[in-house]
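Below is one structure, written out as structure tokens; comments come after it.
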Amino acid sequence: MRPIRRQIEQRVVDALAQAFGSSVADVDPQVRAAGDPQFGDFQSNVAMGLAKKLGRKPREIAEALVRALRIEDMCDPPEVAGPGFINLRLRADFLAGQLAAIQSDERLGVPRAVRPEHVALDFSSVNLAKEMHVGHLRSTIVGECLARVLEWLGHDVERINHVGDWGTQFGMLLQHVRETQPEVLETPDSFRVGDLEEFYRRAKARFDEDAAFADAARRAVVDLQGGDPGARTIWQAFCRESLRHCHEIYDRLGVRLEDVGESFYNEMLPGVVAELREMGLAVESEGAVCVFLEGFKNRAGEPLPMIIQKSDGGYNYDTTDLAAARYRIEKLGVRRLIYITDKRQRQHFDMLFAALRKAGWAGDDVSLEHIGFGMVHGEGGRPIKTREGGAIKLVSLLDEAEARARELLEANEKNPETARGFGAEEMAQVARAVGLGAVRYADLLHNLASDYTFSWDKMLAMDGNTAPYMMYAYARVRSIGRKAGLDFAALPAGLPIVIEHPSEVGLAKALLQFAEVIEQVAADLRPNMLTEYLYDLSRTFSTFYDRKTGVRVIDAEPEAVRLCRLRLCDLTARTLKRGLWLLGIETVERM
RNA sequence: GCGCCCGUAGCUCAGGAGGACAGAGCAACGGUUUCCUAAACCGUAGGUCGCAGGUUCGAGUCCUGCCGGGCGCGCCA
17 MRPIRRQIEQ RVVDALAQAF GSSVADVDPQ VRAAGDPQFG DFQSNVAMGL
67 AKKLGRKPRE IAEALVRALR IEDMCDPPEV AGPGFINLRL RADFLAGQLA
117 AIQSDERLGV PRAVRPEHVA LDFSSVNLAK EMHVGHLRST IVGECLARVL
167 EWLGHDVERI NHVGDWGTQF GMLLQHVRET QPEVLETPDS FRVGDLEEFY
217 RRAKARFDED AAFADAARRA VVDLQGGDPG ARTIWQAFCR ESLRHCHEIY
267 DRLGVRLEDV GESFYNEMLP GVVAELREMG LAVESEGAVC VFLEGFKNRA
317 GEPLPMIIQK SDGGYNYDTT DLAAARYRIE KLGVRRLIYI TDKRQRQHFD
367 MLFAALRKAG WAGDDVSLEH IGFGMVHGEG GRPIKTREGG AIKLVSLLDE
417 AEARARELLE ANEKNPETAR GFGAEEMAQV ARAVGLGAVR YADLLHNLAS
467 DYTFSWDKML AMDGNTAPYM MYAYARVRSI GRKAGLDFAA LPAGLPIVIE
517 HPSEVGLAKA LLQFAEVIEQ VAADLRPNML TEYLYDLSRT FSTFYDRKTG
567 VRVIDAEPEA VRLCRLRLCD LTARTLKRGL WLLGIETVER M
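One gets my numbering by counting positions in the first sequence from 1 and adding 16 to each.
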């Protein structure tokens with residue numbers, strides 16, 4: 017089933033053709049959600065824009081359009097208002113029909129993509145030299161969310177962890193392994209590091225203080241790049257161990273990623289440079305091989321190069337990213353490349369995309385998108401740091417989230433009014449879901465482009481637009497089924513749906529918006545549209561279920577009405593669960 | 001100096017593709033529980049959308065110029 021707005025658009029397009037002929041064939045019908053409930057649910061603003069084109073008054077156009085509009089099965093008679101707005105109000109029986117049609121649809125009325133795309137979603141992008149810290153959080157959370165949304169719509173998504181497993185700092189680490197755990201050479205699988213961060217700090221300290229070690233570290237880089245078997249063995253052991261740490265976190269967060277190290281592209285790099293030189297795009301400048309692209313300037317106002325081979329012959333991330341993008345397009349057959357990094361890398365990606373286009377490696381049929389997100393600040397506006405000024409480990413942050421969630425839940429257990437009687441296992445499960453959910457939700461709630469302030473108190477609040485509120489809303493709906501003595505899933509598939517009470521109408525409309533929201537999130541890659549929708553749905557449900565503003569449910573009569581309302585509860589629960597799942601948030605049956 | 005992003009209520013933030021009087025949450029104030037999870041709901045108050053021009057029938061949204069903040073700008077990623 018298509019989103020309601022799409023259905024309306026089609027009717028307006030048909031009416032335009034009917035009333036004004038082919039001259040308006042390509043005109044946007046300008047169907048929008050109504051700005052104010054008093055104007056109905058949707059409005060078309062097309063008449064005003066058409067006034068000049070058709071040389072008639074906007075109201076006349078609107079009225080002619082309304083006469084041609086065949087929409088009586090969906091809406092009350094359309095009204096022309098103001099300068100030429102066409103206001104549309106959905107009929108309750110139409111809403112009921114739509115809900116009846118999707119009531120046993122696992123996809124809740126969200127259609128699969130008509131043209132599934134092969135997408136490369138590049139996110140998380142850890143560096144193996146160090147442990148994951150808070151800086152990796154946003155890319156990982158946002159990436160997982162967008163991957164789920166795109167996959168659920170039927171797109172084929174490569175979830176790529178573009179792993180930093182190469183570069184000069186590996187010489188230092190390698191040498192440190194060689195000296196502290198020489199047995200790794202014999203039994204590489206046995207290599208373990210309890211605390212990667214500490215390991216890095218020690219290696220770095222030695223590098224800075226011990227000239228002999230620093231020399232050995234530099235030689236280790238040369239060994240590694242030269243393909244020395246011993247160096248490679250240790251390097252592989254280190255990478256494996258570091259990735260194991262990463263995947264502990266990914267598993268905990270329910271994040272699925274395919275690791276592709278930068279080193280994977282090493283052998284393609286000379287070819288990238290050679291081909292760009294052959295095309296005449298790359299030239300030598302100050303000893304480095306550079307691509308100069310229009311519109312990029314340095315401080316002095318001179319052309320800013322994209323350096324693809326350093327003067328020492330080495331390659332850098334521009335080269336690797338070019339090779340990786342090309343590989344994804346040519347070898348994997350990807351047609352939409354999405355990179356999720358912080359917004360400071362914007363210029364790098366602008367240049368990368370420009371170079372890919374210019375080289376012809378990304379044709380017109382390939383979409384290149386950089387999703388740059390803002391910084392996460394600590395309370396007080398400064399970057400989040402430990403007391404010592406270091407980056408906070410991601411694992412510590414997640415531990416704290418769960419611990420704080422548990423404190424709240426335990427406080428509730430002490431209050432007879434809110435106690436649920438959780439056993440140890442359920443407590444742990446709920447604390448985990450709430451803690452991790454809170455961190456995630458707070459991140460996805462904000463517009464990606466904005467910086468935001470990280471606040472435990474705000475994200476764990478029971479009131480307001482938070483994960484605990486959303487999860488509680490879900491648990492509350494689920495408890496209705498239990499209280500009513502039925503399993504929602506056991507409701508008959510073809511229940512007659514009748515929508516009458518204002519709170520039923522409101523809930524029906526909210527439920528039927530889901531498809532449009534998902535479509536938008538996938539197109540614009542903006543998870544906050546989904547959090548906003550889910551929050552609105554929860555509140556609408558609370559109004560529906562409220563003793564003052566809403567309707568009786570469990571004890572409603574007659575039975576047909578009761579079942580119908582229970583079905584609305586069921587649809588709400590499933591929509592919330594699916595929506596939260598798309599955000600990467602687990603639901604619990606009670607809390 | 002050039003480029004990118006941002007500036008909306010006391011605070012934290014939304015504002016889709018330009019549309020009708022600018023939204024939410026928190027905080028503040030005031031209501032609602034013989035009744036399905038009150039971890040809820042309802043209401044009140046609070047804003048010259050940084051400033052000034054421009055385009056348009058219509059601008060928080062698009063354009064230009066200022067002011068204020070963040071970030072980036074040749075061999076790190």
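Positions of the beta carbon are idealized from the N, C-alpha and C atoms, including for glycine.
Bear in mind that the values here come from a model prediction, so they are computed numbers and not experimental data.
Residue i - DSSP class collapsed to helix/strand/coil
i, result
"K347", "coil"
"P99", "coil"
"V28", "helix"
"T469", "strand"
"P321", "strand"
"F308", "strand"
"K326", "coil"
"K474", "helix"
"E433", "coil"
"Q59", "strand"
"E395", "coil"
"K525", "helix"
"Y355", "strand"
"F438", "coil"
"D172", "strand"
"N481", "coil"
Of the residues the options, the one placed nearest residue i, counting alpha carbons only
i, options, result
"Q185", "G317, F215, S206 and I157", "F215"
"D211", "W182, N177, F254 and P198", "F254"
"V533", "Y549, P74 and L85", "Y549"
"V604", "E310, L104 and V493", "V493"
"G330", "R581, H263 and V305", "V305"
"N428", "D415, E416, A417 and M443", "M443"
"V158", "G349, V142, I387 and D244", "I387"
"V126", "H134, V135, Q114 and E133", "Q114"
"L66", "P53, F36 and E88", "F36"
"D358", "L579, R128 and T156", "T156"
"P74", "M64, A458, F58 and C91", "M64"
"G296", "A375, R555 and K525", "A375"
"A483", "L70, D239, D562 and E602", "E602"
"H192", "L162, A236, H178 and L528", "A236"
"K593", "A407, A449, F369 and E278", "A449"
"L144", "V209, F389 and E76", "V209"
"V537", "Q34, G98, A33 and L162", "L162"
"F207", "F312, T196 and N61", "T196"
Exposed unless 16 or more other CB atoms sit within 10 angstroms - verdict on residue i
i, result
"E423", "exposed"
"M475", "buried"
"G56", "buried"
"K326", "exposed"
"A290", "exposed"
"A298", "buried"
CA-to-CA distance, residue j to residue i, given in whole angstroms
i, j, result
"I323", "G480", "48 Å"
"E516", "A116", "14 Å"
"T565", "G451", "32 Å"
"D138", "V382", "15 Å"
"G187", "D231", "10 Å"
"H364", "F308", "13 Å"
"W182", "E426", "46 Å"
"M478", "M486", "9 Å"
"R360", "G394", "18 Å"
"L169", "D244", "46 Å"
"P319", "T335", "19 Å"
"I250", "V350", "34 Å"
"D44", "G100", "16 Å"
"I118", "F530", "12 Å"
"A489", "T434", "14 Å"
"I513", "L579", "9 Å"
"L285", "G277", "14 Å"
"F223", "A233", "8 Å"
"H178", "D275", "6 Å"
Assumed close pair residue i, residue j - CB separation to whole angstroms, cut-off 8 Å
i, j, result
"L546", "L598", "6 Å"
"P94", "L85", "6 Å"
"V142", "V392", "Between V392 and V142 the Cβ distance is about 17 Å, and since that is not below 8 Å, they are no contact."
"W377", "I354", "Their Cβ separation, rounded to whole angstroms, is 17 Å, which puts W377 and I354 out of contact at 8 Å."
"L584", "L523", "6 Å"
"A491", "M367", "About 49 Å separates the two Cβ atoms, so there is no contact after all."
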